[in-house]
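Accompanying notes for the structure given below.
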Amino acid sequence: MDVLINVFVALHIIGIASLLGGFLTQTKAMSAGTARFTPPMLHGALTMLVTGMVLVGLNQADDQALNNIKIGVKMAVLVVILGIVYVKRDDEAAAKPLFGAVGGLTVANILIATLWA
Numbered sequence: 007m008d009v010l011i012n013v014f015v016a017l018h019i020i021g022i023a024s025l026l027g028g029f030l031t032q033t034k035a036m037s038a039g040t041a042r043f044t045p046p047m048l049h050g051a052l053t054m055l056v057t058g059m060v061l062v063g064l065n066q067a068d069d070q071a072l073n074n075i076k077i078g079v080k081m082a083v084l085v086v087i088l089g090i091v092y093v094k095r096d097d098e099a100a101a102k103p104l105f106g107a108v109g110g111l112t113v114a115n116i117l118i119a120t121l122w123a
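Each position in the sequence shown, counted from 1, maps to that position plus 6 in the numbering used here.
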């Protein structure tokens with residue numbers, strides 16, 4: 007079971023890397039007002055959602071203690087990110103505050119995952 011959990015943790019990290027990487031590659035365009043929500047950002051957020059739900063199920067099946075409040079907060083932040091990216095994915099340019107919010111929420115999600123005990 008540990009190997010399967012570790013595989014999904016790796017996929018979860020790949021998802022966050024895709025989301026954050028998509029944001030970081032657009033930061034120069036954001037200052038020019040031409041940043042867009044790219045497909046890797048959407049796919050990264052979806053990957054995080056699916057792998058996160060699988061990880062919760064696998065950890066519960068393995069009788070490990072889970073912090074359900076932390077999981078709920080992370081999921082709520084991710085749903086907001088996913089909603090923004092999904093709705094605005096076809097726009098020619100994203101508004102600076104909206105694009106910045108996605109980057110900030112992504113970093114917040116990483117900090118919640120790593121710093122919340």
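Using N, Cα and C, we set each Cβ at its ideal position, and we do this for glycine too. Owing to the predicted nature of the structure, the values given are computational and were not obtained by experimental measurement.
| Buried versus exposed, by CB contacts within 10 Å (16 or more), leucine 48 | buried
| Got a sec? Which residues, its chain only, sit under 8 Å from alanine 41 by beta carbon, not counting five neighbours each side? | Excluding the 5 residues flanking it on each side, alanine 41 has same chain C-beta neighbours closer than 8 Å at Gln32, Thr33, Ala35, Ala99, Ala100, Lys102, Phe105, in chain order.
| task | Can you tell me which of the three DSSP states phenylalanine 29 falls into? | result | helix
| Which residues in the same chain have their Cβ closer than 7 Å to the Cβ of leucine 111, if we skip the five residues on either side of it in sequence? | Val83, Val86, Ile87
| Smallest Cα separation from asparagine 12: which of Thr120, Lys76, Leu64? | Leu64
| message | Taking its Cβ as the centre, do 16 or more other Cβ atoms sit within 10 Å of isoleucine 90, making it buried, or is it exposed? | response | buried
| Taking C-beta to C-beta, are glycine 127 and threonine 44 nearer than 8 Å? | Residue 127 is absent from the structure shown; the chain starts at 7 and stops at 123.
| Nearest to methionine 59 (by Cα), restricted to the options Ala123, Ser24, His18 | His18
| query | If you check the beta carbons only, do leucine 55 and phenylalanine 14 fall under 8 Å apart? | reply | No, Cβ-Cβ distance for leucine 55 and phenylalanine 14 is not below 8 Å.
| Rounded separation between proline 46 and arginine 95 - CA only | 11 Å
| Sequence-distant residues of the same chain with beta carbon closer than 6 Å to leucine 25, five excluded per side | Met47, Gly50, Ala51, Thr112
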